Structures are given as C-alpha cells and as structure tokens.
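The next block holds one structure in the form of structure tokens; read it before the comments.
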Amino acid sequence: MIDQQTLERHGLKPDEYDRIVGFLGREPNITELGIFSVMWSEHCSYKSSRVHLKTLPTDGPQVLQGPGENAGAIAIGEGLAAVFKIESHNHPSFIEPYQGAATGVGGIIRDIFTMGARPIALLNSLRFGSLDEPAMRRLLEGVVAGIAGYGNSIGIPTVGGEIVFEPSYSGNPLVNVFCLGIAKATDIIKGVASGVGNGVYYVGAKTGRDGIHGATMASAEFDEKSAEKRPAVQVGDPFMEKLLLEACLEVMKTDALVGLQDMGAAGLTCSTTEMGSRGGAGVEIDVSLVPQRESGMTPYEIMLSESQERMLLVAKQGREAEIERVFEKWDLHAVRIGQVTSDGLLRVKDKGAVVAEIPNRALTDEAPVYRRPMETPKYLAEAQALDLASLAPASPQLTARDTLVALLGSPTIASKQWAYRQYDHMVQTNTISLPGMGSGVLRIKGTERALAMSVDGNGRYCYLDPRRGASLAVAEAARNVACAGARPLGATNCLNFGNPERPAIMWQFAKAVEGIGEACRALGVPITGGNVSLYNETDGRAIYPTPVIGVVGILEHADRVLERRFKVSGDVIILFGEGRGELGGSEYLKLAHGLVRGVPPALDLGRERALQDLLVGLGADGLVRSAHDCSDGGLAVTVAECAFGTGGMGAEISIEGVEVARDPRTNEAAALFGESASRVVVSVQSDRVTEVLQRASALRVPARVIGETGGNRLRMAVAGKVVVDVSVDEAERAWSTAIETRFAKKVA
Amino acid sequence: MKFAVVVFPGSNCDQDAYHAATAVLGQTADLVWHKDTSLKGADVVVLPGGFAHGDYLRTGAMARFSPIMREVKVFADRGGPVIGICNGFQVLLEAGLLPGAMLRNRGLKYRCEHVHVRVEHTDTPFTCAARQGQVLRIPIGHGEGNYYAPSDVLERIEKNRQVILRYTTPDGRLDDGANPNGSVNAIAGLCSEGRNVVGMMPHPERACEPLLGSTDGLVILQSVVQALAPIGCEGPFARGGGSQGPALQTIGS
Amino acid sequence: MRARVFVTLKPSVFDPQGRTIADALQSLGYGGVEDVRQGKYFELELKTSEAGSARALAAEVADKLLANPVIESYRIEVD
Amino acid sequence: MRARVFVTLKPSVFDPQGRTIADALQSLGYGGVEDVRQGKYFELELKTSEAGSARALAAEVADKLLANPVIESYRIEVD
Ligand SMILES: Nc1ncnc2c1ncn2[C@@H]1O[C@H](COP(=O)(O)OP(=O)(O)O)[C@@H](O)[C@H]1O
Ligand SMILES: [Mg+2]
Numbered sequence: 040m041i042d043q044q045t046l047e048r049h050g051l052k053p054d055e056y057d058r059i060v061g062f063l064g065r066e067p068n069i070t071e072l073g074i075f076s077v078m079w080s081e082h083c084s085y086k087s088s089r090v091h092l093k094t095l096p097t098d099g100p101q102v103l104q105g106p107g108e109n110a111g112a113i114a115i116g117e118g119l120a121a122v123f124k125i126e127s128h129n130h131p132s133f134i135e136p137y138q139g140a141a142t143g144v145g146g147i148i149r150d151i152f153t154m155g156a157r158p159i160a161l162l163n164s165l166r167f168g169s170l171d172e173p174a175m176r177r178l179l180e181g182v183v184a185g186i187a188g189y190g191n192s193i194g195i196p197t198v199g200g201e202i203v204f205e206p207s208y209s210g211n212p213l214v215n216v217f218c219l220g221i222a223k224a225t226d227i228i229k230g231v232a233s234g235v236g237n238g239v240y241y242v243g244a245k246t247g248r249d250g251i252h253g254a255t256m257a258s259a260e261f262d263e264k265s266a267e268k269r270p271a272v273q274v275g276d277p278f279m280e281k282l283l284l285e286a287c288l289e290v291m292k293t294d295a296l297v298g299l300q301d302m303g304a305a306g307l308t309c310s311t312t313e314m315g316s317r318g319g320a321g322v323e324i325d326v327s328l329v330p331q332r333e334s335g336m337t338p339y340e341i342m343l344s345e346s347q348e349r350m351l352l353v354a355k356q357g358r359e360a361e362i363e364r365v366f367e368k369w370d371l372h373a374v375r376i377g378q379v380t381s382d383g384l385l386r387v388k389d390k391g392a393v394v395a396e397i398p399n400r401a402l403t404d405e406a407p408v409y410r411r412p413m414e415t416p417k418y419l420a421e422a423q424a425l426d427l428a429s430l431a432p433a434s435p436q437l438t439a440r441d442t443l444v445a446l447l448g449s450p451t452i453a454s455k456q457w458a459y460r461q462y463d464h465m466v467q468t469n470t471i472s473l474p475g476m477g478s479g480v481l482r483i484k485g486t487e488r489a490l491a492m493s494v495d496g497n498g499r500y501c502y503l504d505p506r507r508g509a510s511l512a513v514a515e516a517a518r519n520v521a522c523a524g525a526r527p528l529g530a531t532n533c534l535n536f537g538n539p540e541r542p543a544i545m546w547q548f549a550k551a552v553e554g555i556g557e558a559c560r561a562l563g564v565p566i567t568g569g570n571v572s573l574y575n576e577t578d579g580r581a582i583y584p585t586p587v588i589g590v591v592g593i594l595e596h597a598d599r600v601l602e603r604r605f606k607v608s609g610d611v612i613i614l615f616g617e618g619r620g621e622l623g624g625s626e627y628l629k630l631a632h633g634l635v636r637g638v639p640p641a642l643d644l645g646r647e648r649a650l651q652d653l654l655v656g657l658g659a660d661g662l663v664r665s666a667h668d669c670s671d672g673g674l675a676v677t678v679a680e681c682a683f684g685t686g687g688m689g690a691e692i693s694i695e696g697v698e699v700a701r702d703p704r705t706n707e708a709a710a711l712f713g714e715s716a717s718r719v720v721v722s723v724q725s726d727r728v729t730e731v732l733q734r735a736s737a738l739r740v741p742a743r744v745i746g747e748t749g750g751n752r753l754r755m756a757v758a759g760k761v762v763v764d765v766s767v768d769e770a771e772r773a774w775s776t777a778i779e780t781r782f783a784k785k786v787a
Numbered sequence: 059m060k061f062a063v064v065v066f067p068g069s070n071c072d073q074d075a076y077h078a079a080t081a082v083l084g085q086t087a088d089l090v091w092h093k094d095t096s097l098k099g100a101d102v103v104v105l106p107g108g109f110a111h112g113d114y115l116r117t118g119a120m121a122r123f124s125p126i127m128r129e130v131k132v133f134a135d136r137g138g139p140v141i142g143i144c145n146g147f148q149v150l151l152e153a154g155l156l157p158g159a160m161l162r163n164r165g166l167k168y169r170c171e172h173v174h175v176r177v178e179h180t181d182t183p184f185t186c187a188a189r190q191g192q193v194l195r196i197p198i199g200h201g202e203g204n205y206y207a208p209s210d211v212l213e214r215i216e217k218n219r220q221v222i223l224r225y226t227t228p229d230g231r232l233d234d235g236a237n238p239n240g241s242v243n244a245i246a247g248l249c250s251e252g253r254n255v256v257g258m259m260p261h262p263e264r265a266c267e268p269l270l271g272s273t274d275g276l277v278i279l280q281s282v283v284q285a286l287a288p289i290g291c292e293g294p295f296a297r298g299g300g301s302q303g304p305a306l307q308t309i310g311s
Numbered sequence: 460m461r462a463r464v465f466v467t468l469k470p471s472v473f474d475p476q477g478r479t480i481a482d483a484l485q486s487l488g489y490g491g492v493e494d495v496r497q498g499k500y501f502e503l504e505l506k507t508s509e510a511g512s513a514r515a516l517a518a519e520v521a522d523k524l525l526a527n528p529v530i531e532s533y534r535i536e537v538d
Numbered sequence: 460m461r462a463r464v465f466v467t468l469k470p471s472v473f474d475p476q477g478r479t480i481a482d483a484l485q486s487l488g489y490g491g492v493e494d495v496r497q498g499k500y501f502e503l504e505l506k507t508s509e510a511g512s513a514r515a516l517a518a519e520v521a522d523k524l525l526a527n528p529v530i531e532s533y534r535i536e537v538d
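Residue numbers (this note's numbering), protein chains in the order written: chain X, 40 to 787; chain A, 59 to 311; chain H, 460 to 538; chain W, 460 to 538.
Here is the structure:
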C-alpha cells in the first residue's frame with residue numbers, strides 16, 4: 040500500500056495518484072510508483088511548461104529536426120546538419136560544483152552524439168551571486184574546473200559563453216551548457232524503439248545508486264532538508280564517455296541500429312519509455328541483466344538510477360554481432376537486457392518475474408499537463424517605475440571616465456579569460472574565432488563554410504519585463520552571430536525560472552515564452568529544442584527569470600569571419616542603430632545608483648532583422664573589418680572592448696547627447712552607457728565608408744560615422760564635449776584583470 | 059611519405075594530427091589503433107594529444123603498456139622520427155623514450171592559449187626546417203606540462219643539447235612570466251640522445267593554417283618532411299651531429 | 460609534528476579513476492587485483508608537538524580544504 | 460585482503476599542489492601548518508589472503524603502474 044508520506048516523498052499529488060490508479064486499473068507497487076514519479080516530474084514531463092512551449096515557432100525550411108528528439112537539427116548546406124541543444128544542470132552544480140557542472144557537460148554531449156552527430160563545440164552560460172562572496176568564488180572555481188575537466192578530456196572545444204554575477208543567483212546558481220555537433224543530414228539517428236523482437240541493449244558505465252531521484256530533485260525547491268539528498272551526487276567519467284562517443288559513432292556507420300538514446304535524467308526509466316513511445320511500441324527489460332556496480336540493488340533503484348555515461352540502443356535482428364564487435368573494440372560491452380514488444384507497455388522484470396507493467400503512453404503523452412494560474416507579480420509596477428528626471432545625480436566623484444573604467448572592471452562585463460583559458464578551445468582545429476572575440480566560430484572541414492554560435496540572456500531585463508527581456512535575449516544572441524558575419528538559422532533555449540506553482544512565476548514564464556516566440560518568428564530563427572529548469576528558488580526566493588538563448592548561424596566563407604577587435608589604425612568607426620539613452624535595467628544604473636529599475640530597452644524586431652541582414656551582407660562582401668554589438672554597459676563599453684587585444688590601439692569617438700534626465704551628468708551617462716538595443720559598432724577602411732553607409736540606408740538601418748581608430752587612448756565626446764579620456768592600457772587592465780584580482784584577494 | 063598517428067583510447071588530437079599531415083602537408087597518413095602491432099610501414103610516428111585512458115592515475119601512465127608501444131620503441135631505436143605532442147610527450151616520458159616527468163602546472167590550472175617558444179637546436183628531424191633562435195607562436199592546452207627532471211639528468215640533457223624548445227617572450231627572451239606551467243629551464247620540447255624522438259607540449263598541428271590564427275607550427279611538421287626527403291635537410295639531423303653555433307645558455311639550475 | 464590525512468571517496472560514490480586503473484591491471488595480467496579505489500593523501504607538517512592538538516588542527520584543515528564533504532570522507536593519523 | 464599504497468613525490472621534487480594548499484591555509488589563518496605535501500592513496504582489493512604475497516603483489520603493481528620512479532616513491536601497508 041502506498042501511504043501519504045510515500046507519495047509526498049515522490050513528489051506526487053493525491054489527484055496525480057488517482058490518475059495513476061486509473062491508468063493501471065489497480066494500485067501501483069513501489070517500483071511503479073517510482074517510475075511514475077520520475078516520468079511525471081516537472082523535469083521529465085514538462086507538465087507546467089508544455090502548454091506554453093507549444094506556442095514557439097519550430098518550423099522553417101532549414102529545420103531537419105524540431106523539438107521532441109534528443110536534440111534539434113538544422114540544414115547548413117552541402118548535405119550537412121548542425122545538431123544542437125542547451126541544457127541546465129543548476130541544482131547538481133549547487134550541491135557539488137565540479138561534478139555537477141562536469142556531468143552537465145557529459146549529459147548534453149550525449150544528447151548530441153546520440154543523434155549521430157560528432158560534437159564539435161561547447162558553450163556555457165553561467166550565473167552566480169556576487170564574486171565578493173567567498174562561497175561564490177568557490178562555486179565559480181568548481182563549476183569552471185568541472186566544465187574544463189570534462190570538455191577538455193573528451194576533446195570538444197569550449198568556444199564561448201557568458202558569465203553573469205548578480206545577487207539574485209546567490210542561493211541558486213545557473214549552469215547551462217550548449218553543445219553542437221555535425222552530421223550528414225541523411226545520417227541523423229533517432230531515439231526510437233521499433234520492430235517487435237529487436238534486442239534492447241545497454242552499454243556504458245555500470246549502474247550504481249547514484250542520483251536516484253535526481254529528476255524529482257530538480258523539480259522541487261531547495262530547503263534545509265535538501266542537504267540530506269547529497270549522497271545523490273553523480274561523478275562524471277569523461278574517459279568512459281569518450282569511448283562511448285567514438286563507439287556509438289562507429290556503430291551508427293554499420294546501419295545495424297534502429298535507435299539510440301542516452302540515459303540522462305530518470306535513467307533507464309526515461310530511456311525505455313521514451314524510445315518505446317516514439318516508436319509506438321513496447322519495451323520489455325529484465326533489470327537483473329543490467330550491469331551493476333553495487334550489490335543488492337532493487338528493481339526500483341536500478342530503474343531510477345542516474346549513473347552517468349550509459350546508453351540504450353535497439354539493434355536490428357540478425358545484426359547484433361556487428362554492433363557488439365564495435366563496442367568490444369572500444370573495451371565496452373553491449374549487454375542485451377530486453378526486447379521491443381508490440382503491446383505498448385513498459386514491462387520490467389527481475390529474473391523473469393514481472394515487477395512493473397505500465398502503458399508507455401501513461402508515462403509520456405498522457406502525463407499530466409497543467410495550465411497553471413498566473414498573475415502579474417506584485418513587485419513589477421514599482422520596479423518598472425524609473426523616474427530619470429528626478430534621479431539624484433551619482434556621486435560627483437564618479438566622472439564619466441571613472442564610470443567607464445568601473446564598468447569595464449565589473450565582473451559581469453570584464454574579460455572572462457580567467458575562465459576560458461581553462462577550457463581547451465582549440466582542439467579539433469576548427470576554432471577560427473577564439474572565446475573573447477564575440478561568437479564562437481568554427482570552420483567546417485571539407486567545405487568553405489563556418490558556423491557561428493552564441494548564448495545570451497539577461498535576467499535583469501526579464502525581471503523588469505519578461506516578455507521584452509526574452510525577446511532581447513533572442514535578438515542579442517542572433518546579433519552576436521550576425522556580428523561574426525554569419526546568418527542566424529536556428530535557436531535553442533534554456534528556461535530558468537522559479538516555482539511554477541506560484542502564479543507570479545508562471546506569469547513570468549508565460550510572458551518570456553511569448554517574447555521568445557515573437558522574436559524568433561521575426562528574426563527567422565525557429566526553436567529546435569531546449570530545456571526547462573523550474574523551481575530555481577532557495578527558501579522561497581526565486582532567481583530572476585532567466586531564459587538563455589543559443590543561436591546558430593552559417594557563414595558561407597569561413598575566411599570572411601568578423602570579430603570584435605579593431606584592425607587598422609585610421610579606420611572609420613560607424614555606429615549602426617540609434618542610442619536613445621535607455622537606462623532601464625542597465626549595468627550603469629546598477630553600478631552608479633545601485634538600482635535595478637525601469638523597463639528594458641525597446642526592441643523593434645523589424646529593425647533588428649534589417650541590421651542583421653546588413654551585417655551578413657557587409658561581412659560576406661568584406662566591407663567591414665570588425666564588428667561588435669552594444670550590450671551590457673552600452674556604446675562606451677563596446678568601443679573600449681573593440682580596442683582591447685589590439686596591442687593598445689585606441690579610438691576617438693563623438694556622439695550626440697540625449698535628454699532623458701534633468702541632471703546633465705545623467706544625460707551624459709545615458710548617451711555613453713545606455714543599453715538601447717539593435718546597435719553595432721563596426722570599423723571600416725576609409726574608402727569603403729560611403730558604400731557601407733549606402734548599404735545601411737538601403738536597408739533603412741540608421742548609420743553614422745562616430746569616429747576613428749588610432750592613437751593609444753580612448754577619447755569619447757558627448758554633444759561636442761570630451762568626457763572620457765583614458766589610455767587603452769589603463770582601461771584594458773581594469774577589464775582583463777577584474778576577475779583574477781578578485782581571486783587573488785580571496786581567502787580560499 | 060607516410061605518417062602513423064597512434065590512437066589511444068582517450069586520444070583527442072589524433073584527427074587533428076591526421077588532418078595536418080594529409081590536408082595541410084599533402085602527405086599520406088594512417089590512424090593506428092593502440093592494440094595494433096604494426097606501424098604499417100610508416101616513415102614517421104606521431105603520438106597525438108589528448109587524455110589517453112582519461113589521464114587517470116598520471117598523464118600517459120597507462121598508454122605505455124599498449125601493444126603498439128613496442129613497435130614505436132623498435133622504430134625509435136632504429137632511428138625513425140617519432141614526435142609526441144602534449145599527451146604524446148607525456149606518454150614518451152612515461153615510456154622512458156625521453157627523460158624526465160611531468161608535474162601539474164604551477165597554479166594547478168589547465169591552460170589553453172598561444173605561447174611563444176624558441177627553437178634551440180635545429181639538428182632534429184622536427185626542427186631542421188627552422189632557424190636556430192626562431193620564435194614560434196603556437197598554442198598549448200594542458201594541465202600537466204610542468205616538466206621536471208632530477209638535476210643530474212637535467213645537466214645531461216642540457217649538455218647533450220636535447221632541449222630543443224623553450225618558452226620565451228615574443229622576442230625570444232627567457233622570462234618567468236612567459237613560462238606558462240613552471241617547467242624547469244623553461245623546457246617546452248625535448249629530443250632523445252639519438253635526436254630522432256621528440257616531445258613537445260605546444261600543439262604544432264593547431265598552428266598550421268592561416269584560418270587558425272598562426273602557421274608557426276608548420277615548420278615543425280615540414281621539418282620531418284624535409285628530413286625524410288631524398289635530399290634531406292641542410293645539415294642533416296645525423297646522430298650526434300655537430301651543432302651550428304654554441305648551445306644556448308641554460309637557466310636556473 | 461606530522462599529521463597524515465587520507466581522503467577517500469565515500470563508498471557509495473563511483474570512482475572512475477580507480478575503476479580504470481583496475482581494468483588496466485586486469486589487462487596487464489594482474490588478475491589478483493579485484494578492485495582499486497583511488498584517494499588523496501596529505502602530509503601536514505605542523506608546528507605543534509602535541510598529538511591532541513595536531514589531530515584537531517588536521518581535522519579542521521581537512522574539513523575546510525582537503526576533503527569535499529559531499530563526496531569524500533577522511534581519516535587522520537599523527538605521529 | 461586489502462593493500463594500501465601511498466605514493467608521494469620524492470622530497471627533492473617540487474609539489475605544486477601541496478604548495479598551493481599550504482599557501483591557502485596560510486591565508487586562511489592556519490599558521491600552525493608549516494608545509495603540506497600531497498600524494499596519492501590507493502586501496503587494492505586483492506584475491507589473496509596471505510599478507511606476504513599481498514605485499515609482494517602490491518609492490519609489483521606499484522612499481523609497474525602506480526608510481527613513477529622518476530618523481531615518486533611509495534609505501535605499502537597490508538591488513
Ligand atoms: N563562460 C565562458 N566560456 C567561454 N567564453 C566565454 C565565457 N564567458 C564569456 N566568454 C566569452 O567572452 C566574450 C564576451 O562575452 P559577453 O560579455 O557575454 O559578450 P557579448 O556581450 O558579445 O555577448 C565572448 O566572446 C564570450 O564567448
Ligand atoms: Mg552576452
């Protein structure tokens with residue numbers, strides 16, 4: 040008998056239990072209850088998010104595989120597909136930063152090679168609390184080391200990402216990892232089980248008791264008691280995964296395979312049911328045949344274990360030996376643990392005796408779906424109210440020059456070299472734009488082409504307006520890709536939010552999804568997959584709503600790739616787009632006034648699209664020498680970043696003033712540090728300026744010459760008055776040493 | 059000529075070395091599985107970068123037992139050119155084909171970045187196309203590249219002019235800040251007494267094409283092509299061959 | 460005096476390194492080795508010459524820095 | 460039976476890990492810790508139940524694989 044307490048431990052509500060009894064026509068046993076609990080957990084069932092996710096645009100001529108498989112895929116020309124996805128590993132990383140981040144990397148890599156693609160790039164998007172907290176430094180150190188430890192070992196370059204520091208993530212850091220692989224479009228493999236009598240095989244690491252209930256844990260808020268769940272930490276084994284990766288890719292070439300799926304969250308349970316349900320078939324396995332690391336494991340434990348580096352595959356009858364031979368070569372042993380059946384049931388046996396029998400559909404398609412109540416958050420009206428006119432001036436000591444240097448030295452804006460130097464970003468010899476230069480860009484060997492990719496998100500914007508903030512994230516990721524000269528083709532998303540059972544959180548979620556959908560439609564980047572991470576709360580305090588968007592684009596000619604750095608002294612600096620002095624939610628407002636307020640910058644998606652088209656065209660025709668978009672910290676920070684890494688080449692710019700406040704210095708700051716969207720700074724050889732301006736005007740993209748590269752200082756004038764004059768050296772030092780300095784001061 | 063690129067379980071720069079040998083240098087190459095017992099008539103052997111056996115226990119420690127390593131040793135003993143890059147260098151050290159050992163980087167962190175190395179001697183099959191004193195800009199990517207040898211061994215390898223690459227500043231000066239991992243005497247690359255076996259931590263195969271931002275690694279791989287060409291390098295890498303110019307000063311102890 | 464700290468993974472935690480070493484030994488013909496677990500070993504040189512306070516200090520340091528309590532446990536010896 | 464193998468860097472070899480830990484302890488205020496050396500610790504599960512042959516096997520395995528004689532030395536305990 041299942042009592043109330045047992046139900047609660049499994050995170051199941053009484054009405055959900057009644058549904059279970061309805062499906063089975065009887066009471067479930069404990070193994071069955073465990074299986075239902077993980078499959079109906081938020082993490083696996085998307086029960087709160089599904090109705091909203093359905094509204095996202097997922098179609099396009101380039102889409103080869105939309106959401107629903109292990110990863111999405113888009114056509115990138117010459118018969119090739121880019122297979123990519125992003126996933127979160129937030130909770131495990133908080134509990135054990137190194138292993139949590141490492142196994143997060145391992146998990147997303149498996150999702151990609153499961154599809155038959157060779158993974159060629161990783162990105163990561165990280166959020167922590169303030170770096171002044173020792174606990175956050177330890178967390179950052181552990182997470183970065185874990186990502187490095189896994190990715191470096193397996194030989195997939197980490198070519199980009201973002202790291203943001205914000206008190207809202209202090210009790211709940213975010214670790215989102217993106218992976219991209221390449222396959223022949225015709226070779227994409229799916230996670231299906233079909234063909235009655237075909238063998239179901241298990242391969243990879245042995246099953247232990249690790250991570251049992253990982254999936255339900257990711258679906259519950261943190262509290263004091265979560266410490267008790269700690270032994271549930273999974274340890275990553277990148278060497279095993281490297282063997283699996285090579286062996287699986289080799290097995291796929293044999294054509295003896297029906298389907299393949301990795302065992303991620305909810306392990307064997309999720310992989311057997313999902314494969315069966317995709318193939319419209321049943322799967323029968325005997326847990327006593329599953330390779331086990333520990334003795335005395337129960338069927339319950341075996342079915343729910345989340346041991347890493349394991350795969351499930353279905354072999355064509357009569358071709359099993361070919362598959363086994365490949366795995367043997369790599370010292371892996373594929374073990375037959377069951378077969379495909381026609382009855383649509385998940386049947387679990389233990390030494391022949393049936394211990395669980397559940398209709399697949401009850402676990403997948405028929406899992407609960409909730410249209411949870413929503414309501415506008417109470418904080419919103421006040422947070423959005425920003426009266427710049429009566430904003431008290433910032434401390435008089437803080438000149439525009441010092442503000443710029445301070446912004447450059449704030450950890451969110453500062454160089455992330457401290458982190459990416461720990462990542463092998465060059466293995467596979469495809470990386471043609473290194474981390475720190477903008478998007479990650481990789482050439483595709485055997486073609487002239489290259490892929491550009493970027494992950495972006497701004498939780499503060501989304502807190503102030505989830506809909507617009509989410510649109511801005513899509514726009515920024517696509518713009519970063521376009522700044523490399525690549526045409527954005529597709530997107531993936533990782534939605535990090537609080538507890539969806541709270542109407543205000545659900546509202547944030549729904550609005551953000553609307554914003555993503557709208558921007559993806561307008562910019563022509565369909566969503567091909569993603570991941571939802573809810574319950575990101577500690578003691579009832581939720582993180583900022585944080586959708587993170589990954590965008591992938593294609594460059595026809597790899598050697599035309601653009602990056603952020605100025606190239607030649609005397610080049611003309613052109614600004615595309617218009618600065619309107621928007622300070623809502625900006626880094627400046629936070630740094631100089633300690634405020635997280637206002638509404639995020641306005642976004643005209645038509646203009647954004649035109650800007651991106653312009654950039655792709657200019658890049659293809661070699662008309663600009665560098666490109667960098669304006670984001671955190673606004674135009675002044677962008678121009679400074681263009682000067683960094685050039686060996687000290689400076690710039691002189693002059694921009695118009697804006698009238699947003701009464702205080703003249705706030706107006707100056709708004710012009711320099713306002714974060715108006717859809718802006719890009721390019722440098723252009725002087726005899727190409729006219730052509731560039733004409734092209735911009737043809738696409739109705741505002742464009743104006745704002746200055747020139749050269750010298751060794753950054754000089755910036757607003758409305759004719761020079762308000763920033765600082766040596767590139769000094770500015771660059773603040774930017775490049777900010778994170779290291781915070782570690783140097785550290786006490787462990 | 060033909061390259062053999064050995065693939066250990068966990069190697070991850072094998073394809074990169076293969077690509078450099080074939081697509082960039084225009085030579086032929088074979089990927090040779092570590093359980094194989096033949097080098098298939100190769101003229102030069104590459105032990106590539108990566109994490110053989112996960113680098114669990116110690117970098118390169120388990121790979122030396124692979125069946126192919128017997129062949130590599132025989133090949134090396136006969137004077138055949140062998141290069142170990144990064145993890146391959148670590149394997150050569152563990153296998154005793156080169157002297158010394160690797161420690162964790164000082165600072166303990168993995169480091170991936172471009173560094174500068176100075177070519178110290180050109181009488182090896184992997185440096186003969188370079189100029190002595192030439193500074194190359196090549197990427198590294200390792201967590202254990204902190205080269206160590208006991209002082210007597212160090213003295214011997216310096217005297218024998220076995221140190222062929224040192225970390226320097228871009229203009230070729232020795233400087234502690236230019237040493238990314240704490241290697242003794244700033245050693246980045248080493249050859250055997252017979253000069254035909256070479257190990258280096260930087261990855262020349264990552265610096266072979268303009269798209270990748272540097273082509274300075276090409277000279278390492280071109281050297282071996284020249285060395286094995288009918289005419290050979292100028293001043294062939296004959297065993298114990300006399301040096302051109304004085305041995306560069308050693309630093310530290 | 461000297462304290463020695465042995466840090467090992469908790470028994471329930473998977474040890475991929477130990478597993479890989481054990482496999483390597485198997486294939487080298489050491490069938491007599493059934494399993495290997497790898498841990499860390501620290502020697503601390505301490506100022507104190509009193510065993511009790513040496514042990515207490517070592518334990519504090521192990522808690523704080525040497526062992527990761529989430530997955531590891533430790534043992535101390537002093538002499 | 461079980462054999463324990465302790466592998467440590469030879470005294471003449473610089474230990475970057477130990478050094479880093481020692482520095483961290485200093486800055487955490489643990490002045491009582493003068494020096495730290497980090498080594499590796501292996502637990503071997505052996506088939507034999509005879510101490511002498513267990514020790515001999517462990518030594519062979521340590522010589523062959525667990526320790527690198529250029530930089531490391533080892534010590535064995537059986538029980
Ligand atoms: N965690 C990380 N891993 C790798 N690269 C990173 C990471 N964080 C930031 N970077 C790199 O640093 C650069 C600046 O990042 P970011 O400030 O987010 O740029 P942008 O404003 O263009 O999105 C980018 O090239 C990015 O790829
Ligand atoms: Mg960004």
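For each residue, glycine too, the CB sits at the ideal point set by N, CA and C. Keep in mind it's a predicted model, so treat the numbers as computed, not measured.
How would you label X:K124, buried or exposed, when you count the other beta carbons within 10 angstroms and need 16 or more for buried? buried
Does the CB of A:H77 have a neighbour CB from chain X at under 8 Å? yes
May I ask you to report which of helix, strand or coil DSSP gives X:I593? strand
Between the stretch 124 to 132 of chain A and the stretch 157 to 175 of chain A, are three or more C-beta pairs nearer than 8 Å? no
Taking a contact to mean a Cβ-Cβ separation below 8 Å, would you say X:L213 touches X:R166 in this structure? yes
Check this for me: beta carbons of A:P139 and A:V102, under 8 Å apart or not? yes
In chain order, what residues of the same chain lie with their CB nearer than 8 Å to the CB of X:R29, ignoring the 5 residues before and after it? Here chain X covers residues 40 to 787 and nothing more, so residue 29 of chain X does not appear.
Option nearest A:F66 by Cα separation, candidates A:P183, A:P288, A:G118, A:R164: A:G118
In chain X, which residues lie with their C-beta within 7 Å of the C-beta of H:T479? F278
Against chain W: residues of the stretch 224 to 255 of chain A by CB proximity under 8 Å: G240
Selected residue, minimal CA-CA separation from X:T780, among X:P158, X:K455, X:C522: X:K455
Could you check which residue in X:T451, X:A716, X:L490, X:Q331 has the C-alpha nearest to that of X:K629? When C-alpha distances from X:K629 are compared across X:T451, X:A716, X:L490, X:Q331, the shortest belongs to X:T451.
Roughly how many angstroms separate the alpha carbons of H:Q485 and X:K245, rounded to a whole number? 17 Å
Here's the rule I'm using: 16 or more other beta-carbon atoms within 10 Å means buried, otherwise exposed. How should X:Q43 be labelled? exposed
Got a sec, what are the start and stop residues for the alpha helix (DSSP H) A:F184 sits in? Segment: none, A:F184 is in no alpha helix (DSSP H) and carries neither H nor E.
Local conformation of W:T479 per DSSP, three classes: helix
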